[in-house]
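One structure is given below, encoded as C-alpha coordinates.
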Amino acid sequence: MTAATRNDVPVALEGDGVELRLMPIGGGLSVGYISLPRGTDMGPALKGLPEDACQCPHWGYLLKGRIRMRTASGEEEYEAGQAYYWGPGHVPVALEDSEFVEFSPSEDFQQVIEHVVAQSG
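Heads up: the sequence shown begins at 3 in this note's numbering, then just goes up one per residue.
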(Lines of atoms letter the chains of each structure in order from A; the text may use other names.)
(Lines give C-alpha, C1' and ligand atoms only; values in the text may rest on other atoms or scores of the structure.)
Protein backbone atom coordinates (compact mmCIF):
# COMPACT_ATOMS: atom_id res chain seq x y z
CA MET A 3 0.00 0.00 0.00
CA THR A 4 1.16 3.52 -0.74
CA ALA A 5 -0.12 6.85 0.53
CA ALA A 6 1.12 10.41 0.08
CA THR A 7 0.07 13.84 1.23
CA ARG A 8 0.60 16.84 -1.02
CA ASN A 9 3.76 17.92 0.78
CA ASP A 10 5.25 14.40 0.46
CA VAL A 11 5.02 14.55 -3.33
CA PRO A 12 7.92 16.18 -5.22
CA VAL A 13 7.40 19.09 -7.61
CA ALA A 14 7.62 17.90 -11.22
CA LEU A 15 6.72 21.18 -12.93
CA GLU A 16 6.34 24.77 -11.78
CA GLY A 17 6.31 28.30 -13.10
CA ASP A 18 3.94 31.27 -13.50
CA GLY A 19 1.96 30.06 -10.48
CA VAL A 20 1.43 26.59 -11.98
CA GLU A 21 2.53 23.73 -9.76
CA LEU A 22 2.41 20.02 -10.48
CA ARG A 23 3.51 17.59 -7.80
CA LEU A 24 3.75 14.04 -9.10
CA MET A 25 4.67 10.65 -7.65
CA PRO A 26 4.09 7.01 -8.61
CA ILE A 27 1.43 5.64 -6.25
CA GLY A 28 1.06 2.04 -7.50
CA GLY A 29 -0.69 0.01 -10.16
CA GLY A 30 1.07 1.93 -12.93
CA LEU A 31 -0.57 5.16 -11.77
CA SER A 32 0.84 8.40 -10.40
CA VAL A 33 -0.88 10.82 -8.08
CA GLY A 34 -0.72 14.46 -9.05
CA TYR A 35 -1.45 17.51 -6.91
CA ILE A 36 -2.04 20.37 -9.32
CA SER A 37 -2.51 24.13 -8.84
CA LEU A 38 -3.42 26.38 -11.76
CA PRO A 39 -3.89 30.13 -11.26
CA ARG A 40 -6.86 31.84 -12.88
CA GLY A 41 -6.24 32.49 -16.57
CA THR A 42 -3.85 29.56 -17.09
CA ASP A 43 -4.36 28.11 -20.58
CA MET A 44 -2.34 24.94 -21.09
CA GLY A 45 -2.91 25.11 -24.87
CA PRO A 46 0.45 26.70 -25.78
CA ALA A 47 2.37 24.19 -23.62
CA LEU A 48 0.58 21.26 -25.28
CA LYS A 49 1.14 22.48 -28.85
CA GLY A 50 2.96 19.83 -30.86
CA LEU A 51 1.32 16.86 -29.15
CA PRO A 52 -1.29 14.93 -31.18
CA GLU A 53 -4.33 17.22 -31.62
CA ASP A 54 -2.27 19.86 -29.72
CA ALA A 55 -3.83 18.37 -26.57
CA CYS A 56 -2.94 16.22 -23.58
CA GLN A 57 -3.23 12.57 -24.59
CA CYS A 58 -3.01 11.15 -21.07
CA PRO A 59 -6.25 10.16 -19.29
CA HIS A 60 -6.82 11.51 -15.78
CA TRP A 61 -9.21 10.59 -12.97
CA GLY A 62 -9.49 13.18 -10.23
CA TYR A 63 -11.31 15.54 -7.93
CA LEU A 64 -11.46 19.33 -8.18
CA LEU A 65 -10.79 20.72 -4.71
CA LYS A 66 -11.04 24.42 -5.57
CA GLY A 67 -11.93 26.62 -8.53
CA ARG A 68 -13.33 26.07 -12.02
CA ILE A 69 -11.73 24.50 -15.09
CA ARG A 70 -12.88 24.69 -18.72
CA MET A 71 -11.80 21.64 -20.69
CA ARG A 72 -11.47 22.04 -24.45
CA THR A 73 -11.77 18.87 -26.51
CA ALA A 74 -12.32 18.04 -30.18
CA SER A 75 -16.03 17.59 -29.40
CA GLY A 76 -16.46 20.92 -27.58
CA GLU A 77 -15.97 22.43 -24.14
CA GLU A 78 -17.10 21.40 -20.68
CA GLU A 79 -16.75 23.18 -17.34
CA TYR A 80 -15.86 21.53 -14.05
CA GLU A 81 -16.12 23.09 -10.60
CA ALA A 82 -14.94 22.46 -7.05
CA GLY A 83 -16.55 19.40 -5.51
CA GLN A 84 -16.71 17.39 -8.73
CA ALA A 85 -14.93 14.14 -9.45
CA TYR A 86 -13.94 13.82 -13.10
CA TYR A 87 -12.52 11.69 -15.88
CA TRP A 88 -10.67 13.57 -18.60
CA GLY A 89 -9.95 11.31 -21.56
CA PRO A 90 -7.14 11.74 -24.08
CA GLY A 91 -7.40 14.88 -26.21
CA HIS A 92 -8.06 17.67 -23.69
CA VAL A 93 -6.72 21.18 -23.01
CA PRO A 94 -7.41 22.69 -19.57
CA VAL A 95 -8.06 26.39 -18.96
CA ALA A 96 -8.36 27.69 -15.38
CA LEU A 97 -11.38 30.00 -15.05
CA GLU A 98 -10.54 30.55 -11.36
CA ASP A 99 -7.58 29.70 -9.15
CA SER A 100 -7.89 25.91 -9.14
CA GLU A 101 -6.50 22.98 -7.20
CA PHE A 102 -7.11 19.33 -7.96
CA VAL A 103 -5.77 15.89 -7.21
CA GLU A 104 -5.71 13.29 -9.95
CA PHE A 105 -4.51 9.82 -10.86
CA SER A 106 -2.92 9.18 -14.24
CA PRO A 107 -1.01 6.40 -16.01
CA SER A 108 2.60 7.17 -15.00
CA GLU A 109 4.31 6.61 -18.37
CA ASP A 110 1.71 8.51 -20.39
CA PHE A 111 1.76 11.49 -18.03
CA GLN A 112 5.57 11.58 -17.95
CA GLN A 113 5.62 11.97 -21.75
CA VAL A 114 3.25 14.94 -21.51
CA ILE A 115 5.31 16.55 -18.72
CA GLU A 116 8.52 16.15 -20.73
CA HIS A 117 6.84 17.84 -23.70
CA VAL A 118 5.59 20.75 -21.53
CA VAL A 119 9.05 21.22 -19.99
CA ALA A 120 10.63 21.24 -23.47
CA GLN A 121 8.08 23.82 -24.67
CA SER A 122 8.92 26.15 -21.77
CA GLY A 123 12.67 25.96 -22.41
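Note that CB positions come from ideal geometry on N, CA and C, so glycine has one too.
The DSSP assignment places no complete alpha helix (DSSP H) segment of no fewer than 4 residues inside the region 72 to 121. With distances taken between CA atoms, Val95 lies nearest to Ala55 out of Gln121, Val103, Ala55 and Trp61. About 13 angstroms separates the beta carbon of Glu21 from that of Gly67, a gap too long to meet the 8 angstroms contact definition. Just measuring C-alpha positions, the residue of Val118, Ala14, Arg70 and Thr42 sitting nearest Ala82 is Arg70. Approximately 4 angstroms separates the beta-carbon atoms of Ser108 and Ser32; this is inside 8 angstroms, confirming the contact. The beta carbons of Val119 and Leu24 sit about 12 angstroms from each other, so the pair does not count as a contact at 8 angstroms.
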